[in-house]
Structures are given as structure tokens and as C-alpha cells.
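With our numbering, letter number 162 in the sequence shown gets 284, and the count goes up by one each step, no holes.
Just so you know, even glycine gets a beta-carbon here, dropped at the ideal spot from N, CA and C.
Predicted model, so just to flag it, every value in this text is computed and none were measured.
The block underneath contains the structure these notes are about, expressed in C-alpha cells.
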Amino acid sequence: MPSKPPRQRLAPEVFGLPVEKMRAGWYTDAYFNHARATLLADGRHPRVVVQVFQKKEAWLGGIDEAIAILRLCSYDPDGLTIRALHDGDRLEPWETVLTIEGDYTTFAHLETAYLGTLARRTLITTNVVRVLEAANGKRIIFMPARFDHHRVQAGDGYAAHVAGQVTGFEIGVTSDEQASWWGGRGIGTVPHSLIAAYGGDTVLAARRFAEWAPPDMSVTVLVDFENDSVRTALEVAEALGERLWGVRLDTSEALIDRSLWDEMGDFEPTGVNEHLVRKTRAGLDAAGFGQVRIVVSGGFTVEKIRAFEERGVPVDAYGVGSSLIRGADDFTADVVMTDGRPLGKFGRRLRDNPRLELVEPGGA
């Protein structure tokens, strides 16, 4: 598997940070603001080294964004010496990912913001890398936008994009905002709502969509609206012919597709399962539509994808949603040097990491 992450850092301005509010400590745990105020009132300006790490095997995300927070929202950005890894770097437990050296009063108010950024983006990057690896190079569609607040889309989408670059595998995102930091575009299928708008007629909705869609758009159609996916997939393929890129199976995990009603007994029949995929593939092939891809979605996790791949289920792409934003990857920051001498809380010490690179002043 390719392991070289992107080495070109994103410019701080890309992230659209609320600079004035961050600089004012608006997003900061109050005790950091109080600590900074105490030092300023006492006229004390300790020069410290802050070390940032987490405790798991992971793939780093959010480091360029964290650097942007420090560069744009510190009270003396040029007075900070920042060393950092790159987005997409593979991490060992306890490995230092970032060090910040400078007058503590100039950046104490930013710890909450840069730690939260690293935690969120690393979680997404790591989850997506693991799913891409499980899928054996098949396309993954990053679909968690509907499960979270819209303001996280741009950063989460970029974290997924980084995972794709790390693995060398294809990752698509579903909104333009998710793709905005690298200049991409969102992708999407014919949704259930459009089918409903055409009276529940999947074929009619697919025809009208294909007539509207630009020639370079890969037309993919959901085929579970009537809970009869094999029949609907064949009808859509007949109607669209070569214009159809793929069909998407999205049967609810609480339902059994009609095509399986006579076959139940020795397998779990609900949702998008192996038997449904194989029956859809066989039907399309028998009717001469071997070029039509099968996309699956609905409750897919890294474990379910891995199981499908181990059994050779004929899936061409996986749509994965909420499982990609679940979990935790917490980061910690510690002062480990003060005024040139080792000084940190008991059990914490400066751990040098030769992989850290100096971030030049004035940019990421």
C-alpha cells in the first residue's frame, strides 16, 4: 500500500478561520484564558515548549489546520517555532506530532482549538484509511454529511481526501463543501426524493435525471424504492442503456428485499446482504448489462466491508456514512520545557521526534 502522504501544506487562509474570535479566546476552555490573564497581570512571559501527541496507531489529520490556528490567531506568530508532521503521516502511540516553542502568553488561548482540530480530523482520516484498505482498492463514497453539522463538512471531506492520497485508492465525497479545500466536486446518485417526486417511478426519474445530467457525470440510480431491487435494476438498465454507470443497493436493515422472499432460511436476509448483491449481479449479467456497476450502502462498516471482500461479493463501490465519524482519537498538549529547562507534569517529558519538520514563519 502506498504510504507517502501529501507533503505540500495547505495555506492558512484556506481554512476560513474566525480569526478575531479565536484570538480573543472565544473557542477556548476558560482556564486557558484565565491562565494567560494571570501571567499577563503578573508581567510574566515564560518561554515554553508545548508537545502534542495521541496514544493510538492512527493516520494524522488536521495538522495544517492546527498550524493555521497558531499562525493566524497567536499574538506573536513570528515568535513561535513550530515543528510538525504532515497530514496523512502514520502515527505510532505517544508519537509527538507537533511542538510549539515561544512565549506562552502568545498562544495559550489556542490549545483547545488546535487539539480539537487534530482530534476530529485524525479520527476521520484514520477511519477512512481503514475502510479503503478493507475495500481492496474499490471506490469508497464518503457519505456522513447528513449525520453531522454542516460546518464540519469541509475539514472532514479534506481528511477523507488525505486518506485517499495516503492509500492511493479512490475516495469520493458527496457535497461540494467537502471537496472545497482541494478544488473537487461532490458526487451523487438519483436519490429517493427525486423518485418520489416522479410518483415513485424509478425509471422515469432515472430518465429525466440522465437527460439533465452533464455527459461526463456517472449516472447511478438507487433501485430499492419499491423494495424490489433486482427487478428495478433491470428496468433502469433497459431504460438507460450505456448511459447508466451503476445501480445502488440501499435496502433498509429492517427490511428484506422482495427478490429474496423465496430464498430465506440459511442466511441473514435483511438489508444489503451478500445474496442480494449476487442476485443483482447475476440478473444484470444475464440481461447483457455486465458493464453496470453495483454500489452498496446502508450500515456499512469496516468489518462488513472486510467480510464482503473476503467472500468475493461482487461490489464495485461502497457508500459509507455514519461509521466514518464515530469513535475518538484524542490529543494531549503538555508544557515540557520552561525557560530552557525540562519542566512538565510528572510522567511527561520531551520526546524528540526526528520526523518533525520546521514550519517556516509566515505560513503553513
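Helix, strand or coil: which one does DSSP assign to M459?
-> Taking the first residue of the sequence shown as position 1, residue 459 is located at position 337. Reduced to three states, the DSSP call for M459 is strand.
- Message: Less than 6 Å between C-beta atoms, sequence neighbours within five positions excluded: which residues of the same chain meet that for I191?
- Response: For the purposes of this step, residue 191 is identified with residue 69 of the sequence shown, where counting begins at 1. Closer than 6 Å at the Cβ level, and outside the excluded window around I191, lie L232, A235 and Y236.
If I follow the unbroken alpha helix (DSSP H) through Q413, where does it start and stop? As a first step, residue 413 is located in the sequence shown; it is residue number 291 there, counting from the start. First-last for Q413: undefined, no H or E at that position.
(Q) Give me, in chain order, the residues of the same chain whose beta-carbon lies closer than 6 Å to that of D456; leave out the 5 immediate sequence neighbours on both sides. (A) Residue numbering aside, residue 456 sits at position 334 when the sequence shown is read from its first letter. Same-chain partners within the cutoff: Q173, G466 and R470.
In whole angstroms, what separates the C-alpha of P436 from that of G294? Along the sequence shown, one-based indexing puts residue 436 at 314. Along the sequence shown, one-based indexing puts residue 294 at 172. If I take the Cα positions, the gap works out to 20 Å.
Q: Kindly provide the ranges of any beta strand (DSSP E) runs that are 3 or more residues long and lie completely inside the segment 241 to 302, ordered along the chain.
A: 261 to 264 and 293 to 295
Could you tell me the alpha carbon to alpha carbon distance between I204 and V250, rounded to whole angstroms? Translated into positions along the sequence shown, residue 204 becomes position 82. Translated into positions along the sequence shown, residue 250 becomes position 128. About 28 Å.
Express the C-alpha separation of H167 and E142 in angstroms, rounding to a whole number.
-> Walking along the sequence shown from the start, residue 142 turns up at place 20. Walking along the sequence shown from the start, residue 167 turns up at place 45. Spanning the two alpha carbons is a distance of roughly 22 Å.
Coarse secondary structure for Y440, derived from DSSP in three states: Working through the sequence shown from its first residue, we reach residue 440 at position 318. In the structure shown, Y440 sits in a strand (DSSP, three-state: E or B).
Measure from the alpha carbon of R353 to the alpha carbon of each residue in H283, L406, D298 and G421, then state which is nearest.
-> Against the sequence shown, residue 353 aligns to sequence position 231. Among H283, L406, D298 and G421, the Cα nearest to that of R353 belongs to L406.
**Request:** Would you kindly work out how many angstroms separate the C-alpha atoms of F331 and E432, rounded to a whole number?
**Result:** Taking the sequence shown and counting its residues from 1, one reaches residue 331 at position 209. Taking the sequence shown and counting its residues from 1, one reaches residue 432 at position 310. About 35 Å.
### Query
What is the DSSP secondary structure of D211, reduced to helix, strand or coil?
Here residue 211 corresponds to residue number 89 of the sequence shown, with the count starting at 1. Coil.
| task | For R428, I'd like the list of residues in its chain whose CB is within less than 8 Å of its CB, leaving aside the five on either flank, ordered along the chain. | result | What you label residue 428 is simply residue 306 of the sequence shown in a count that begins at 1. Only A256 meet the Cβ criterion.
Check your understanding: In the DSSP assignment, what are the bridge partners of D225?
Key -> As a working note, residue 225 is residue 103 in the sequence shown. According to DSSP, which records beta bridges pairwise, D225 is partnered with R169.
Would you check if there are 3 or more beta carbon pairs closer than 8 Å linking the segment 296 to 307 to the segment 315 to 333?
no
(message) Rounded to whole angstroms, what is the Cα-Cα separation between V418 and L398?
(response) By 1-based counting over the sequence shown, the position of residue 418 is 296. By 1-based counting over the sequence shown, the position of residue 398 is 276. Rounded to the nearest angstrom, the two C-alpha atoms are 10 Å apart.
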